[in-house]
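Undergrad: Just passing along the structure, written as structure tokens.
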Amino acid sequence: MKNLYETFGCTSKEELYEMVKGNDTSVKALNDFITYTRSTDLLAKTPPIRSPRDAGDYYTNMDPLEDGQALVMFLNTKNQPIHMVKFNPEYTKETQQALREGIVAGANSAMIFVDNNLHEWDKARTQGMIEQANFDVLDTFLVDMNYLTSTRGNETFQLNSHSNMQMESTTFYGNLYELDGFTEFAPYYINAEAQGLNILNDNKELQELLKFGYQHHKREVLGVIMYDEHEQIIDVQEMFKGGTNSAVVDSKIIAREMLIKGAHGIAVFHNHPSGHTQPSPEDIAVTENLQQVCQLFDKELLDHYIVGKEGVYSLAATHQFECKHEDYKALMEQQQFKNKMKQFEQEIG
């Protein structure tokens with residue numbers, strides 16, 4: 109498989125960034141991807157699966173299974189697909205990796221698509237492993253050329269050549285964020301685009317940049333946004349990387365970078381690989397510790413952002429730490445109110 113740079117005919121993050129900024133036609137797919145992933149709530153764009161035919165519409169949007177392959181579609185509690193993985197059921201490690209991805213995505217249930225020519229023992233073993241991981245298997249579909257058979261509903265139907273169902277395509281297997289090089293390019297792009305932004309006036313754009321780079325990251329990453337006395341962003345950098353649910357944070361390293369760069373203040377961010385943005389007790393404890401360090405050196409800790417597919421969560425807006433910047437706090441409270449109203453309108457609409 110090509111890496112991100114080979115896919116777009118270049119060799120480095122710097123070269124790819126110049127192509128993106130210049131709206132080079134060869135990187136239109138990447139520019140479209142960036143625009144799409146900066147949306148406020150990707151999960152809200154994903155319709156739920158209510159019938160086997162809905163599942164078939166989702167499958168139609170995927171590359172077809174190859175001989176001996178299976179695909180598991182992981183769903184949330186609203187029956188919205190949140191992750192898809194293709195794998196070879198004959199290899200236990202591939203099935204285990206698929207399960208890991210489903211757990212990290214925060215899935216509640218699953219639907220399985222298997223090549224009809226796959227050995228019955230492999231079909232049964234695949235479903236058994238998924239159930240053993242405590243996923244509720246809603247249905248298993250047998251794929252035979254252009255036909256799909258629901259084993260739960262005992263229904264066979266022909267697949268459409270094209271589906272009009274709108275789907276959150278960026279969660280699915282084999283897309284741009286999974287290419288080697290994406291986790292190198294994304295922070296470079298974010299830092300370049302954020303330079304000179306006003307962390308107050310341009311906060312919405314900043315949050316969109318963070319969402320593009322980190323909502324799909326399978327490991328937890330914590331980074332720092334530094335700004336000067338005019339509230340202009342001077343640097344955005346990743347500081348710590350962890351596993352699927354935590355990253356060890358050393359506040360001394362953050363303080364060192366803050367002092368070297370001469371920052372007036374900082375905001376920190378990290379992602380939740382599950383896609384959900386509710387802070388954990390550990391997230392709040394890290395924030396409180398960083399605030400103490402900032403106060404020691406007469407620096408501001410403006411906010412702590414949590415990035416996920418749901419959006420970007422601001423601890424300052426929810427009063428889960430004491431933000432000293434009154435203008436910023438008021439701005440975040442207003443933004444949070446607008447987001448809640450938008451969510452309410454989507455739910456009743």
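Using this note's numbering, read the sequence shown as starting at 109 and increasing by one per residue.
Here a beta-carbon is modelled for each residue, glycine too, at the ideal position from N, C-alpha and C.
Remember, it's a predicted structure, so these values are computed and weren't measured experimentally.
1) Measuring straight from C-alpha to C-alpha, what distance separates E198 and D391?
2) In three-state terms, what does DSSP make of P189?
3) Going straight from the alpha carbon of D247 to that of N268, what length do you get?
4) Using CA atoms only, rank isn't needed, just tell me which of N379, G289, E114 is closest to S134.
5) Quick one: complete beta strand (DSSP E) runs, 3+ long, within the region 341-396?
6) Run through DSSP, which three-state label would T426 get?
7) Based on DSSP bridge pairs, tell me the residues matched to G419.
8) State buried or exposed for T264, treating a residue as buried only when at least 16 other CB atoms are found within 10 Å of its CB.
9) Could you check if E198 belongs to the surroundings of the ligand MG, using beta carbon to heavy atom distance under 7 Å?
10) Thinking C-beta only, is E408 closer than 8 Å to H384?
11) I'd like to check one pair, V376 with L318: are the Cβ atoms closer than 8 Å?
12) So, does the CB of Y113 fall closer than 8 Å to a CB anywhere in chain B?
13) Determine the DSSP secondary structure at L179, reduced to helix, strand or coil.
14) In whole angstroms, what separates the C-alpha of F221 from that of A163?
15) In the DSSP assignment, find the unbroken beta strand (DSSP E) run with F249 in it and report its ends.
16) V357: buried (16+ other C-beta within 10 angstroms of its C-beta) or exposed?
17) Tell me, to the nearest whole angstrom, how far the beta carbon of S359 is from that of L398; I am working on the premise that it is less than 8 Å.
18) So, with DSSP's three-state summary, where would you put Q400?
19) For E123, I'd like the list of residues in its chain whose CB is within less than 7 Å of its CB, leaving aside the five on either flank, ordered along the chain.
TA: If we stick to the structure as given:
1) As a first step, residue 198 must be located in the sequence shown, where it is residue number 90. As a first step, residue 391 must be located in the sequence shown, where it is residue number 283. Taking the straight line from one Cα to the other gives about 40 Å.
2) What you label residue 189 is simply residue 81 of the sequence shown in a count that begins at 1. In the structure shown, P189 sits in a strand (DSSP, three-state: E or B).
3) Counted from its first residue, the sequence shown places residue 247 at position 139. Counted from its first residue, the sequence shown places residue 268 at position 160. Answer to the nearest angstrom: the Cα atoms are 19 Å apart.
4) Reading the sequence shown from its first residue, position 26 is the one you call residue 134. Here the closest residue by C-alpha is E114.
5) 341-349, 373-379
6) Residue mapping note: residue 426 aligns to position 318 of the sequence shown, counting from 1. Here T426 sits in coil by DSSP.
7) What you label residue 419 is simply residue 311 of the sequence shown in a count that begins at 1. BP columns for G419 point to G416.
8) Start at 1 with the first residue of the sequence shown, and residue 264 comes out as number 156. The residue is exposed, with fewer than 16 neighbouring Cβ atoms inside 10 Å.
9) With respect to the ligand MG, the structure offers nothing, as it holds no ligand at all.
10) If you number the sequence shown from 1, residue 384 lands on position 276. If you number the sequence shown from 1, residue 408 lands on position 300. No, the Cβ-Cβ distance between H384 and E408 is not below 8 Å.
11) For the purposes of this step, residue 318 is identified with residue 210 of the sequence shown, where counting begins at 1. For the purposes of this step, residue 376 is identified with residue 268 of the sequence shown, where counting begins at 1. No, the Cβ-Cβ distance between L318 and V376 is not below 8 Å.
12) Within the model displayed, chain B is absent; a lone protein chain is all it includes.
13) Taking the sequence shown and counting its residues from 1, one reaches residue 179 at position 71. Correct three-state label for L179: strand.
14) For this step, residue 221 is matched to residue 113 along the sequence shown. For this step, residue 163 is matched to residue 55 along the sequence shown. If I take the Cα positions, the gap works out to 10 Å.
15) Translated into positions along the sequence shown, residue 249 becomes position 141. Element bounds for F249: 244-252.
16) Counting from one through the sequence shown, the residue named residue 357 turns up at place 249. Burial call: buried.
17) The residue given as residue 359 occupies position 251 in the sequence shown. The residue given as residue 398 occupies position 290 in the sequence shown. With a Cβ gap of about 6 Å, S359 and L398 count as contacting.
18) For the purposes of this step, residue 400 is identified with residue 292 of the sequence shown, where counting begins at 1. Three-state DSSP puts Q400 in a helix.
19) On the sequence shown, residue 123 is found 15 positions in, with the first residue counted as 1. So the list is empty, once near-sequence residues are dropped.
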